[in-house]
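Student: Per our numbering, the sequence shown starts with residue -2, numbered consecutively. Before I ask anything, here is the structure I am working with.
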Amino acid sequence: MTDTGTDTELDRIERSIDIDAPADRVWALVQRPGWWINEQEVDANPELREEDGHTVLVHPTYGEFRLRTLEQDEPRYVAFHWVDNVAPEAGTTVEFWIDERPGGVTLRVVESGFSRLRKDRAAIDQQITENTHGWEVELEAARRFVLRSAA
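This is the structure in structure tokens:
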């Protein structure tokens, strides 16, 4: 796992992980809106539905999450708007890059836009701290999921 940065002044989290798998296998996971919303293990068959231009992921424990795909460049890049449940226009942007490397790929995530959330600075800083740890957990979950799917 590479810690490539958390900067509350720049309003972003950036993390990456090396995965010993081809880009198309990693893409099959990361192009799916909300794959990272789980309990430390990627759900192979999440409950998803389309509603008002958004993908709604229904998590059995955490409830509903709304996401909108902003851009895709298969199999290298995808960006999502992770809608804030309180203020839908004020969510964060989650971007994934898949970069080839010898023996596999590097999967990189950037989550940005925390300052757009309708929260005070202390709450934003707390969310950045929690999400920073969360991305470390989720990238490792992605690696395990992709490697298991190859077996």
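Every residue, glycine too, gets a C-beta built ideally from N, C-alpha and C. Predicted, not measured: the structure shown is a model, and the values here were computed from it.
So which of A87, V143, D117 has the shortest CA-CA distance to T103?
Tutor: That would be V143, whose Cα lies nearest to the Cα of T103.
Student: The beta strand (DSSP E) that contains V55, what's its start and end?
Tutor: Segment 51 to 56, the beta strand (DSSP E) holding V55.
Student: From R118 to I125, what does the alpha carbon distance come to, in whole angstroms?
Tutor: If I take the Cα positions, the gap works out to 10 angstroms.
Student: Starting from the C-beta of I121, find all residues in its chain whose C-beta is less than 8 angstroms away, skip the five residues before and the five after it, and write them out in chain order.
Tutor: T5, F111, S112, L114, listed in sequence order.
Student: Output the distance between the C-alpha atoms of E108 and V27, rounded to the nearest integer angstrom.
Tutor: So the alpha carbons of these two residues sit roughly 14 angstroms apart.
Student: In its own chain, which residues sit with a C-beta less than 7 angstroms from the C-beta of W32, not counting the 5 before and 5 after it?
Tutor: Contacts found: L26, V39.
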